[in-house]
Amino acid sequence: MTMFNTHLGALPISRLVIGGNPFSGFSHQSLQRDAEMRAWYTDERIIATLFEAEALGLSTCLMRGDDHITRVLAEYWRRGGVLRWVAQTNSRADSPAEGARYCIEHGAAACYLHGGVTDHLIAQQCYEPLHAFQQAVQGAGLPAGIAGHMPADFVWAEQHLALDFYMVSYYNPSPRDQVPHHDPATIERYAAEDRDERVAIISTLRRPAIHYKILAAGRTPAPEAFRFAAAHLRPQDAVCIGIYTGDNPHMLREDVALFTRLVGAPA
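If you want the working numbering, it's the 1-based position in the sequence shown plus 301.
Here's what the structure looks like:
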């Protein structure tokens, strides 16, 4: 089975991408749920899920750049895995550029800036690290992008950066203007008006957008979430989803079938 592709710069990626938040224990639901995901997703279970994604036609995984994930990916690739890694910088890296260099050194095929960091830098009007990040990634010959939870992130980037892609969150679960890091104790907000606002900004972007948090971290039923995303995907766009097989061992297969049915095959 082969899933149709789009491109980030010159890099072909599947239009459905498997994300890594559940692998790293980021449920965006509760501290208890975070711990449950961390306990479930041993290295072996993550590797098995990546091979399943590959067998279902996905060509791309999207995961954070830290020692845990790079260790798992190295073993997955050692066993013959072929998914390309679109890397998210670690929000606790010394700088966005340093976070990017770590990802590049560990096999990233493309790199994007953590959305909380983007939100924070734009809110603080601290722009030099964004330019340095772009230069670090594109200077290494890789496609560069930013993630973000706020429309203002992408308005600024369109005017001041020459990126290859965007990661657009459908929601702004918690403000990052003062602190870029995720606080797992925060009660998160997933508002329908956020989703409408994000797809409106996506329609104006000159580069491909990867739509993420489409499921509102498990709060929106998959059929509804995929129908909405499919209605707003441009031909150059992709969707990123997290998978928690502890809830449903067939979740990835079901989501791939749903996405393929709604989005359809390429012309």
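Glycine is no exception: its CB is placed at the ideal position from the N, C-alpha and C atoms.
Is residue 314 near residue 306, with beta carbons less than 8 Å apart? What you label residue 314 is simply residue 13 of the sequence shown in a count that begins at 1. What you label residue 306 is simply residue 5 of the sequence shown in a count that begins at 1. Yes. Within cutoff.
Determine the extent of the alpha helix (DSSP H) in which residue 507 is found, giving its start and end residues. Residue numbering aside, residue 507 sits at position 206 when the sequence shown is read from its first letter. DSSP places residue 507 outside any alpha helix (DSSP H), giving it a letter other than H or E.
What's the call for residue 548, buried or exposed, on a 16-neighbour Cβ count within 10 Å? To locate residue 548, count along the sequence shown from 1; it is residue 247. Burial state of residue 548 is exposed, judged by a 10 Å Cβ sphere holding fewer than 16 other Cβ atoms.
Is residue 383 helix, strand or coil by DSSP? Position 82 of the sequence shown, counting from 1, holds the residue named residue 383. Coil at residue 383, not helix or strand.
Is residue 389 buried or exposed, if buried means 16 or more other CB atoms sit within 10 Å of its CB? Position 88 of the sequence shown, counted from the start, is the residue given in the question as residue 389. Classification for residue 389: buried.
Quick check: does the Cβ of residue 393 come within less than 7 Å of any heavy atom belonging to the ligand COA? Inclusion of the ligand COA in the displayed structure is not the case, the ligand content being empty and no account of it being possible.
For residue 410, is the classification buried or exposed, using 16 other Cβ atoms within 10 angstroms of its Cβ as the cut-off for buried? On the sequence shown, position 109 is the one that residue 410 refers to. Burial call: buried.
Going by beta-carbon coordinates alone, are residue 467 and residue 506 separated by less than 8 Å? For the purposes of this step, residue 467 is taken as residue 166 along the sequence shown, with counting starting at 1. For the purposes of this step, residue 506 is taken as residue 205 along the sequence shown, with counting starting at 1. Between residue 467 and residue 506, the C-beta gap is smaller than 8 Å, which places the two residues in contact.
I'd like the span of the beta strand (DSSP E) that includes residue 362, first residue to last. Taking the first residue of the sequence shown as 1, we reach residue 362 at position 61. Residues 361 to 365.
Cβ pair count under 8 Å reaching 3, the segment 331 to 342 against the segment 454 to 468: Note that the segment 331 to 342 does not touch the segment 454 to 468; fewer than 3 beta-carbon pairs, one per stretch, sit closer than 8 Å.
Are there 16 or more other CB atoms within 10 angstroms of the CB of residue 360, so buried, or fewer, so exposed? Taking the first residue of the sequence shown as 1, we reach residue 360 at position 59. Burial call: buried.
Between the Cα of residue 530 and those of 496, 509, 543, spot the shortest distance and give me the residue it belongs to. Here residue 530 is taken as the residue at index 229 of the sequence shown, counted from 1. Residue 496 is the option with its Cα nearest to residue 530.
I'd like to check one pair, residue 508 with residue 464: are the Cβ atoms closer than 8 Å? As a working mapping, residue 464 is identified with position 163 in the sequence shown. As a working mapping, residue 508 is identified with position 207 in the sequence shown. Yes, these two residues count as a Cβ contact at 8 Å.
Any idea what DSSP makes of residue 552, helix, strand or coil? By 1-based counting over the sequence shown, the position of residue 552 is 251. Residue 552: helix per DSSP, three-state reduction.
Report buried or exposed for residue 400, applying the criterion of at least 16 other Cβ atoms within 10 angstroms of its Cβ. As a first step, residue 400 must be located in the sequence shown, where it is residue number 99. So residue 400 counts as buried.
Counted within 10 angstroms of its Cβ, other Cβ atoms place residue 521 as buried (16 or more) or exposed: Position 220 of the sequence shown, counting from 1, holds the residue named residue 521. When all chains shown are included, residue 521 counts as buried.
Would you grab the beta carbon distance between residue 491 and residue 517 for me? Rounded to a whole angstrom, and I think it's under 8 Å. Taking the first residue of the sequence shown as position 1, residue 491 is located at position 190. Taking the first residue of the sequence shown as position 1, residue 517 is located at position 216. Right, the Cβ-Cβ distance comes to about 4 Å (below 8 Å), so this counts as a contact.
Tell me the DSSP secondary structure of residue 347 in three-state form. Start at 1 with the first residue of the sequence shown, and residue 347 comes out as number 46. In the three-state scheme derived from DSSP, where H, G and I count as helix and E and B as strand, residue 347 is classed as helix.
Mind pulling the alpha helix (DSSP H) runs of 4 or more residues that sit fully within the segment 375 to 431? Here the runs fully enclosed are 397 to 406, 416 to 424.
Locate the alpha helix (DSSP H) running through residue 527, then write down its first and last residues. The residue labelled residue 527 in the question sits at position 226 within the sequence shown. DSSP places residue 527 in the uninterrupted alpha helix (DSSP H) bounded by 523 to 533.
Is the Cβ-Cβ distance between residue 407 and residue 371 less than 8 Å? As a first step, residue 407 is located in the sequence shown; it is residue number 106 there, counting from the start. As a first step, residue 371 is located in the sequence shown; it is residue number 70 there, counting from the start. Yes.
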